[in-house]
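Residue numbers (the numbering used here), protein chains in the order written: chain X, 288 to 414; chain W, 13 to 155.
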Amino acid sequence: MDLPARLRQGNLLPFIGIGVVAGLFAAMFGIGGGVVIVPLLMLVAKLPPRMAAATSLAALILTSLIGVVRFAGTGHVDWIAALLIGVPAVIGVLIGIRFQRRLPAEWLVLGFGVFVIAIGLRLVIWG
Amino acid sequence: MGHEIEILALAAVAGVAGGILAGLFGVGGGVVFVPTFVFLFSFDQLDAQATSLAAIIPVALIGAWRQSGEGQIDWRAAVLMGGGAAIGVLVGAEIALRLDEATLSRVFGAILILVGGEMIVSSVRKLQAKRATPAPADGPRRP
Numbered sequence: 288m289d290l291p292a293r294l295r296q297g298n299l300l301p302f303i304g305i306g307v308v309a310g311l312f313a314a315m316f317g318i319g320g321g322v323v324i325v326p327l328l329m330l331v332a333k334l335p336p337r338m339a340a341a342t343s344l345a346a347l348i349l350t351s352l353i354g355v356v357r358f359a360g361t362g363h364v365d366w367i368a369a370l371l372i373g374v375p376a377v378i379g380v381l382i383g384i385r386f387q388r389r390l391p392a393e394w395l396v397l398g399f400g401v402f403v404i405a406i407g408l409r410l411v412i413w414g
Numbered sequence: 013m014g015h016e017i018e019i020l021a022l023a024a025v026a027g028v029a030g031g032i033l034a035g036l037f038g039v040g041g042g043v044v045f046v047p048t049f050v051f052l053f054s055f056d057q058l059d060a061q062a063t064s065l066a067a068i069i070p071v072a073l074i075g076a077w078r079q080s081g082e083g084q085i086d087w088r089a090a091v092l093m094g095g096g097a098a099i100g101v102l103v104g105a106e107i108a109l110r111l112d113e114a115t116l117s118r119v120f121g122a123i124l125i126l127v128g129g130e131m132i133v134s135s136v137r138k139l140q141a142k143r144a145t146p147a148p149a150d151g152p153r154r155p
């Protein structure tokens, strides 16, 4: 299939829009994009919960790379510290995914709801 | 120094915890990483956020690689969202300079609480519906 036909096949605008909104909130409130991307993927793009979480992680590859490049001027990236957290976090993400596969979708959404409320409360209380 | 080992151990625990959240919910883990860098390594907020983004890169890469093996990723959507986010970050940084951030944060926090509440209500309803009409393959069958 040629590219224009492929572009016509699916509506791509929602995904660009979700990205813009996630980037807006990330820059304005210093929160990660995932908190915005996952609910929007489920509500707007109607992706099932597991797919929304997985696709969000894939989008975060790009956003974190872009973020590091953007921050290179203003904030200092401490690569040693990044590795000290990042390497254990890679182990964590594999555990999290394994756990996610066994979790029924409803429980996943329930857990995410609690997580989102916790972040919301933090923003409301501490600004 | 015993103190350094303690810090390394705490960093590892925070890393694993953030990673588990990342794998479960598809967030980066920055929500755990940023405060860890601030409190454990005494970074200022900006350095903590920059370093957190760097720590998220391997998490997102390995996590996405693992999930894509299961066909859980819409790569087209991921790339478009990444591109959209690049635009959003630029615009958001401009807005943040002009508006009262504390008020904005509270409004956004309130929206998140509503979104989270909606997720909890809808998933509890689905769980109740499931319980009311159990799938035939599940559970012990009685004659």
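Cβ coordinates follow ideal geometry from the N, Cα and C atoms, glycine included.
(message) Which residue marks the beginning of the alpha helix (DSSP H) containing phenylalanine 399/X, and which one marks its end?
(response) Run containing phenylalanine 399/X: 392-413, per the alpha helix (DSSP H) assignment.
(request) Could you tell me the distance, in whole angstroms, from the CA atom of glycine 81/W to the CA atom of phenylalanine 49/W? (result) Spanning the alpha carbons of glycine 81/W and phenylalanine 49/W requires a straight line of approximately 32 angstroms.
(request) Decide if the stretch 395-404 of chain X is in contact with the stretch 123-141 of chain W; the criterion is three or more beta carbon pairs, one per stretch, under 8 angstroms apart. (result) Of all C-beta pairs linking the stretch 395-404 of chain X to the stretch 123-141 of chain W, three or more are shorter than 8 angstroms, placing the two stretches in contact.
(request) Report yes if the CB atom of glycine 128/W is closer than 8 angstroms to the CB atom of glycine 407/X, and no otherwise. (result) Judged by beta-carbon spacing, glycine 407/X lies within the 8 angstroms limit of glycine 128/W, meaning their Cβ atoms are closer than that value.
(request) Would you tell me roughly how many angstroms separate the C-alpha atoms of glycine 321/X and methionine 315/X, rounded to the nearest one? (result) Near 14 angstroms, if we compare the C-alpha coordinates of methionine 315/X and glycine 321/X.
(request) At 4 residues or longer, and completely inside the stretch 32-83 of chain W: list those alpha helix (DSSP H) runs for me, N to C. (result) Whole alpha helix (DSSP H) segments, 4+ residues: 42-53, 57-80.
(request) On a CA-only basis, which of Ile32/W, Leu126/W, Ala89/W is nearest valine 307/X? Give me that one, please. (result) Among Ile32/W, Leu126/W, Ala89/W, the Cα nearest to that of valine 307/X belongs to Ala89/W.
(message) Here's a check: name, in chain order, each residue in its chain whose Cβ is nearer than 8 angstroms to the Cβ of alanine 58/W, leaving out the five neighbours to either side.
(response) One point to set straight first is that residue 58/W is leucine, not alanine, in the sequence displayed. Contacts found: none.
(message) For a cutoff of 8 angstroms on Cβ pairs, would you count phenylalanine 51/W as touching chain X?
(response) False, the Cβ-Cβ gap to chain X never drops below 8 angstroms.
(request) Helix, strand or coil for alanine 332/X, going by three-state DSSP, please let me know. (result) Correct three-state label for alanine 332/X: coil.
(message) Taking CB distances under 8 angstroms as the criterion, tell me whether valine 331/X reaches chain W.
(response) Residue contact check for valine 331/X against chain W: no CB pair falls below 8 angstroms.
(request) Can you grab the Cα-Cα spacing for the pair valine 356/X / alanine 108/W, in whole Å? (result) Answer to the nearest angstrom: the Cα atoms are 19 angstroms apart.
(request) Output yes or no for whether 8 angstroms exceeds the beta carbon distance between alanine 66/W and valine 364/X. (result) Closer than 8 angstroms, so yes.
(message) So that I know if they touch, is there some Cβ in chain X lying closer than 8 angstroms to that of leucine 22/W?
(response) Put simply, the CB of leucine 22/W is far from chain X, with every gap to its CB atoms at 8 angstroms or more.
(message) With H, G and I counted as helix, E and B as strand and the rest as coil, what does DSSP make of threonine 342/X?
(response) Here threonine 342/X carries a helix assignment [DSSP, helix/strand/coil].
(request) Tell me whether threonine 342/X is buried or exposed, calling it buried when 16 or more other Cβ atoms sit within 10 Å of its Cβ. (result) Within a 10 Å sphere around the beta-carbon of threonine 342/X sit 16 or more other beta-carbons, which makes this residue buried.
(request) Output the distance between the C-alpha atoms of glycine 121/W and isoleucine 318/X, rounded to the nearest integer angstrom. (result) Cα-Cα distance, rounded: 11 angstroms.
(request) Give the residues from the stretch 62-73 of chain W that approach chain X closer than 9 angstroms (Cβ to any Cβ), ordered along the chain. (result) Listed in sequence order: Ala62, Thr63, Ser64, Leu65, Ala66, Ala67, Ile68, Ile69, Pro70, Val71, Ala72, Leu73.
(message) Taking a contact to mean a Cβ-Cβ separation below 8 angstroms, would you say alanine 376/X touches glycine 41/W in this structure?
(response) In terms of Cβ geometry, alanine 376/X and glycine 41/W form a close pair [threshold 8 angstroms].
(message) Residues in the same chain with beta-carbon distance under 6 angstroms from proline 301/X, minus the five sequence neighbours each way, listed in chain order, please.
(response) If the five residues before and after proline 301/X are omitted, its C-beta is found closer than 6 angstroms to the C-beta atoms of Val331, Ala332, all from its own chain and listed in chain order.
(request) Have a look at glutamine 79/W and isoleucine 85/W and give me their C-alpha separation to the nearest angstrom. (result) The alpha-carbon atoms of glutamine 79/W and isoleucine 85/W are separated by roughly 7 angstroms.
(message) Our contact map puts glycine 379/X next to glycine 31/W with C-beta atoms below 8 angstroms; I'd like the distance itself, whole angstroms only.
(response) Going by Cβ atoms, the distance from glycine 379/X to glycine 31/W rounds to 2 angstroms, so yes, they are a contact pair.
(message) Is leucine 290/X close to chain W? Criterion is C-beta to C-beta, closer than 8 angstroms.
(response) Confidence in leucine 290/X is poor, its pLDDT being 45 and thus under 50, which makes the residue's placement too unreliable to answer from.
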